[in-house]
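Residues in the sequence shown are numbered consecutively from 1, following the working numbering.
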Amino acid sequence: MLQSIRDGSRSWGAKIIIGVMVAAMALFGIESLFGLFGSDPNEVASVNGQPIMRQQVELEVQRALRSGQVPPEQERALRNDMLDQLITQQLLSQYAEEGGFAVSEQQLDQLIVSLPEFHDQDGRFSAEVFRNRLAGAGYTPVSFREELRIDIQRQHLQQGLAFSDFSLPNEQERLAELQRQQRSFRYVVLDGDDLDVDIDVSDDDLQAYYDAHQERYERPEQVRLEYVLIDRQTMAEERDVDEEVLRDAWREQNRDADRRVSHIMITFGNERTRDEAQQLAETAREALESGESFADTALRYSDDTASAEEGGDLGVISRGFFGDTFDDAAFGLEEGDVSQPVEMDNAFHIIQVTDIQGPTFEEQRDELAREVALREVDDEFNQRVQQLIDESFAADDLQSVADELDLTLQESDWLARDDEVEGVLSEPGVMSAAFSNDVFEEGYNSEVIELDQDRRLVLRVAEKRDATLLPLDEVREDVEMSVAAEKQQQALREEGEALVATLREGQQDDVDWLEANGISRQADTTVPQLIVQEAFRMARPDEGESVYRTVELPQGVAVVALDSVSVGEVDDQLEAFVAQMAEQLRAQSVLQGLIDDLRSDADIER
1 MLQSIRDGSR SWGAKIIIGV MVAAMALFGI ESLFGLFGSD PNEVASVNGQ
51 PIMRQQVELE VQRALRSGQV PPEQERALRN DMLDQLITQQ LLSQYAEEGG
101 FAVSEQQLDQ LIVSLPEFHD QDGRFSAEVF RNRLAGAGYT PVSFREELRI
151 DIQRQHLQQG LAFSDFSLPN EQERLAELQR QQRSFRYVVL DGDDLDVDID
201 VSDDDLQAYY DAHQERYERP EQVRLEYVLI DRQTMAEERD VDEEVLRDAW
251 REQNRDADRR VSHIMITFGN ERTRDEAQQL AETAREALES GESFADTALR
301 YSDDTASAEE GGDLGVISRG FFGDTFDDAA FGLEEGDVSQ PVEMDNAFHI
351 IQVTDIQGPT FEEQRDELAR EVALREVDDE FNQRVQQLID ESFAADDLQS
401 VADELDLTLQ ESDWLARDDE VEGVLSEPGV MSAAFSNDVF EEGYNSEVIE
451 LDQDRRLVLR VAEKRDATLL PLDEVREDVE MSVAAEKQQQ ALREEGEALV
501 ATLREGQQDD VDWLEANGIS RQADTTVPQL IVQEAFRMAR PDEGESVYRT
551 VELPQGVAVV ALDSVSVGEV DDQLEAFVAQ MAEQLRAQSV LQGLIDDLRS
601 DADIER
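Below, the structure is given as structure tokens:
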């Protein structure tokens, strides 16, 4: 219930009172939603006479979609799942109320004011934060309190069920013994190389297998799509950007970058008048224009003798070091440029930028070109998208739309609803649009699909074909491979059983055993996991004896000889974890049992 609020704050922990709802999401499968729309257009289901309204389902769906954790193309399945969850919640709520689980108004108040999600910066409950959080998640204070009350009731119910089931100390000890148990065994894997017979596949075998497994050879419903795409990035790549525009963009981007500057300072007020200082500054500027170096000019004219001896160097500066007037001049220059005389603080300054602390124009040129081009085509892109919306809505095909907008009409191969597609067709929402009623059944162009901020797509079904059973001749090769694999597996199974029978009779055939000694249930081992699992299912052998069994593998058969079982070393941390998981599984099993029982007795209409 609080998930959509939690998504707005990372601090929201799992301690919120909705454990039973989380458990329900993990435990309950998705049931198909048949007969969603009953006679009452607002009622989608009822549980023992209590209705579940369409608005409740849609509200939960929108909260889940808003969280960003459910892709929009899964909305239909999500709607079915949400209805099933609401039915389960209704059943649990009814059971809790019948059982006398009550929550007082004071308890609700204490819980709400204690939740850190509703606290201000001083750590105190804030009514304004409370209202804003709820509004962002689609709740009113009244609806939040009511759902919180129901959640607490369900939590009490879940806790009561969990505490009503427990394991005895001897059961816990037995579980720990089984957990740390170790087994030593030998095994050998039989594959096709171990067979002395040829696998013969007849036409009758093919036909029988084909008839028994027709679902494997059904071609699903398919479409061949036409589509057009408007791509802002492609439009930008085709755009020529003026060089001066790029330089302006570079200047703007590096407008505030730190830079190393030098200056020539000519003062006035004591030894010279302002006009005299200005004239001297103009003279110095003319010397620079005639080719004299900045360092030499500074040494000749600058009254800042300390910097003049260093070629006028002031070091690296940031905006604000020398005031707005100096900044306007220094931060408007490119590297190597020299300013006109700038008046400030009873002096004229001639400023040179010797280094900009950032990427050069050439280093940023390509990136700037892309950014500027994208900005320049923005209006054109929006106009073309609007034209695509207008043209595709009215058109009876896509070729005319492509011609009108100078787009390329692209075509797909045959695609099924659940195929793994590539390119733009693999983007979220595209295939669901292709198989939507308007596009697939009615034959209309799709709505404009927003793939991302730079791409818009419209598609249309060019051709479609119904699901059909492919003829045997068309899938003969696949059927033959399956029949041969099945026959080989059966032959290996018989070979393995024969070997086990021989070993049980005490006859030691020449078997090239692989040994696995002291293997535990969680051992990190190279032994195939199916063999390990089967070894722990086998009966404990008598002292000095072995027990044997065959194990089916995906490709082949293994024969396992279990030789001994040992207690193993105690691992307190692992055993505590296993015991905790066992208790959780017990509690979940009890809860699921209650839910199954409530469902079987309930009057549920959907």
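The beta carbon of each residue, even a glycine, is placed where N, CA and C say it ideally should be.
For residue i, three-class secondary structure by DSSP
| i | result |
| --- | --- |
| S32 | At S32 the pLDDT is 30, less than 50, meaning the model places this residue with poor confidence; the figure from the coordinates comes in the next sentence. Of the three classes helix, strand and coil, the one that applies to S32 here is coil, per DSSP. |
| V228 | strand |
| A416 | strand |
| D452 | strand |
| R124 | coil |
| A137 | coil |
| Y548 | strand |
| F393 | helix |
| S273 | Note on residue identity: the sequence assigns Thr, not Ser, to residue 273. DSSP places T273 in coil when its eight states are reduced to three. |
| A516 | strand |
| V201 | coil |
| S426 | helix |
| D466 | coil |
| A602 | coil |
| F435 | coil |
| Q507 | coil |
| A539 | coil |
| V527 | coil |
| M25 | Note that M25 scores a pLDDT of 33, beneath 50, so its modelled location is shaky and nothing firm can be said. |
| Q522 | coil |
Delimiting residues of the beta strand (DSSP E) encompassing residue i
| i | result |
| --- | --- |
| F185 | Q182 to L190 |
| D250 | In the sequence under discussion, the amino acid at residue 250 is Trp, which differs from the Asp named in the question. W250 -> not in any beta strand (DSSP E); alpha helix (DSSP H) instead, spanning E243 to Q253. |
| Q617 | Limits of the chain in this structure are 1 at one end and 606 at the other, which puts residue 617 out of reach. |
| T267 | R259 to T267 |
| D563 | G556 to S566 |
| V353 | A347 to I356 |
Chain-order list of residues whose beta-carbon lies under 6 Å from that of residue i (same chain, five-residue window excluded)
| i | result |
| --- | --- |
| A277 | I266, F268 and F348 |
| A558 | Y187, V189, I531 and V551 |
| S46 | E605 |
| D603 | N48 |
| E686 | Past the edges of the chain, shown from 1 to 606, lies residue 686, and the structure says nothing about it. |
| Q407 | Checking the displayed sequence, the identity of residue 407 turns out to be Leu instead of Gln. Only V228 meet the Cβ criterion. |
| M25 | At M25 the pLDDT is 33, less than 50, meaning the model places this residue with poor confidence; the figure from the coordinates comes in the next sentence. Once the five neighbours on either side are set aside, M25 has no close Cβ partner at all. |
| N42 | M53 and R54 |
Buried or exposed (CB count within 10 angstroms, at least 16 for buried), residue i
| i | result |
| --- | --- |
| P341 | buried |
| H263 | buried |
| V142 | exposed |
| M481 | exposed |
| R79 | buried |
| N48 | exposed |
| S520 | buried |
| F393 | exposed |
| N437 | exposed |
| A308 | buried |
| G556 | buried |
| R384 | buried |
| D596 | exposed |
| T88 | buried |
Close-in-space but distant-in-sequence residues of the same chain around residue i (CB under 8 Å, 5 per side omitted)
| i | result |
| --- | --- |
| E218 | A467, T468, L469 and L470 |
| R224 | E411, S412, D413, W414, L415, V461, A462, E463 and K464 |
| L157 | V20, L92, Y95, A96, G99 and F101 |
| T525 | A516, I519 and V532 |
| D191 | L492, Q555 and G556 |
| N132 | none |
| L206 | L472, R476, V479, E480 and V483 |
| V439 | A433, N445, S446, L459, R460 and V461 |
Contacts around residue i, its chain only, beta-carbon distance under 7 Å, and the 5 residues preceding and following it disregarded
| i | result |
| --- | --- |
| A281 | I266, P341, F348 and I350 |
| I356 | N254, A257, R259 and E335 |
| F361 | R247 and W250 |
Start and end residues, alpha helix (DSSP H) containing residue i
| i | result |
| --- | --- |
| L368 | F361 to E376 |
| D328 | D324 to A330 |
| F101 | Careful: F101 lies outside any alpha helix (DSSP H) and carries neither H nor E. |
| G500 | The residue asked about is misnamed: residue 500 is Val in this sequence, not Gly. Counting along the chain, the alpha helix (DSSP H) containing V500 begins and ends at L472 to R504. |
| L405 | Q399 to L405 |
| E43 | Looking at the DSSP string, E43 is not in any alpha helix (DSSP H); the run it does join, the beta strand (DSSP E), is E43 to V47. |
| L314 | Where L314 is concerned, there is no enclosing alpha helix (DSSP H), although the beta strand (DSSP E) it sits in stretches over D313 to I317. |
| F294 | F294 to Y301 |
| D109 | E105 to S114 |
Beta-carbon separation (whole angstroms), residue i vs residue j, contact threshold 8 Å
| i | j | result |
| --- | --- | --- |
| I230 | R455 | 7 Å |
| S566 | P541 | Wrong, their Cβ atoms sit about 12 Å apart, outside the cutoff. |
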